[in-house]
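Counting from 1 along the sequence shown, just add 67 to a position and that's the residue number in our numbering.
Where is the CB? At the ideal position from N, CA and C, for every residue including glycine.
Just so it is clear, the structure is predicted and the values come from calculations on it, not from any experiment.
What follows is a set of notes on a single structure, which appears directly below.
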Amino acid sequence: MSKDCCDIDELKLNNKENDKLKIVFWIVLIINLSMFLTEFISGTLSHSNALIADSLDMLADTFVYGISIYAITKKQTVKANVSLVKGVIMMLLGLYVVVEIIYKIINPIIPTAEVISIIGIIALLANAVSFLLLLKYRNGDINARSSWICSRNDIWANVAVIIAGLLVGYFNSMVPDIIAGLGIVIVVLYSSFHIIKESLHYRSH
């Protein structure tokens with residue numbers, strides 16, 4: 068994710084393109100929801116902060132796509148309200164991950180390296196599919212472009228998770244997992260702050 072995931076402007080698509088885009092949004096929503104459940108359960112069972120952080124990123128994206136489906140044909144003020152909801156959700160999820168990381172530091176448990184890497188690869192493939200599905204719309208409506216940017220940025224988060232899994236296995240340490248989880252949550256919190264700020268700006272104009 069990045070701050071560009073939810074910037075707001077006046078770009079629009081025609082009705083035919085809106086219908087096609089809505090179908091794409093539904094597909095990537097299902098992909099992200101499935102991966103949220105997969106990563107969250109796997110992360111919890113394997114004690115992986117990186118997987119849990121990435122799963123919540125997937126959940127945030129699920130909300131993004133769901134709300135984007137609603138906002139496809141709406142005016143700028145509605146899109147501003149939609150983006151505000153996105154930002155608040157992302158911030159709350161990010162803070163939850165911070166609490167989880169602090170808890171794991173106080174109560175250290177070495178996560179299961181194989182699970183982290185394997186699930187990370189699956190998540191990478193899932194985001195790659197979403198990325199390709201949204202590629203056609205990257206220069207269209209802001210919700211379409213922002214969702215494509217989210218998928219693109221999430222791929223880098225997946226790569227970080229995979230590397231963390233390999234390093235956890237190599238060093239037999241939870242530190243790489245903590246670092247990856249913290250890195251992902253910092254991006255989520257930064258993005259949420261920007262989204263909230265941007266949304267409030269457009270609501271007041």
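Check THR179 in the structure and name its three-state DSSP category.
The answer is coil: DSSP assigns THR179 none of H, G, I, E or B.
In chain order, what residues of the same chain have a beta carbon less than 7 Å from the beta carbon of ALA147, not counting five sequence neighbours either side?
Cβ neighbours of ALA147 beyond the five flanking positions: ILE75, SER266, TYR269, ARG270.
Excluding the 5 residues preceding and the 5 following SER184 in the sequence, name in chain order all residues of the same chain whose CB lies nearer than 7 Å to its CB.
For SER184, where only same-chain residues beyond five positions count, the Cβ hits under 7 Å are ILE229, GLY232, LEU233.
Please classify LYS203: does DSSP put it in a helix, a strand, or coil?
Residue state, collapsed to three classes: helix.
So the candidates are PRO178, SER135, LEU200; which of them puts its Cα closest to the Cα of PHE238?
Residue PRO178 is the option with its Cα nearest to PHE238.
Can you tell me whether DSSP reads SER115 as helix, strand or coil?
Note: SER115 maps to coil in three-state DSSP.
MET241 lies in the alpha helix (DSSP H); which residues open and close that run?
From DSSP, MET241 is part of no alpha helix (DSSP H); its letter is neither H nor E.
Is it buried or exposed, PRO243, if we count other Cβ atoms within 10 angstroms and call 16 or more buried?
The residue is buried, with at least 16 neighbouring Cβ atoms inside 10 Å.
Taking a contact to mean a Cβ-Cβ separation below 8 Å, would you say ILE173 touches LEU249 in this structure?
Cβ distance not < 8 Å, so ILE173 and LEU249 don't count as in contact.
Which whole-angstrom value describes the C-beta separation of ILE262 and SER150, a residue pair presumed to lie in contact below a C-beta threshold of 8 Å?
With a Cβ gap of about 6 Å, ILE262 and SER150 count as contacting.
Just the C-alpha distance for LEU160 and ALA127, rounded to the nearest angstrom, thanks.
Near 8 Å, if we compare the C-alpha coordinates of ALA127 and LEU160.
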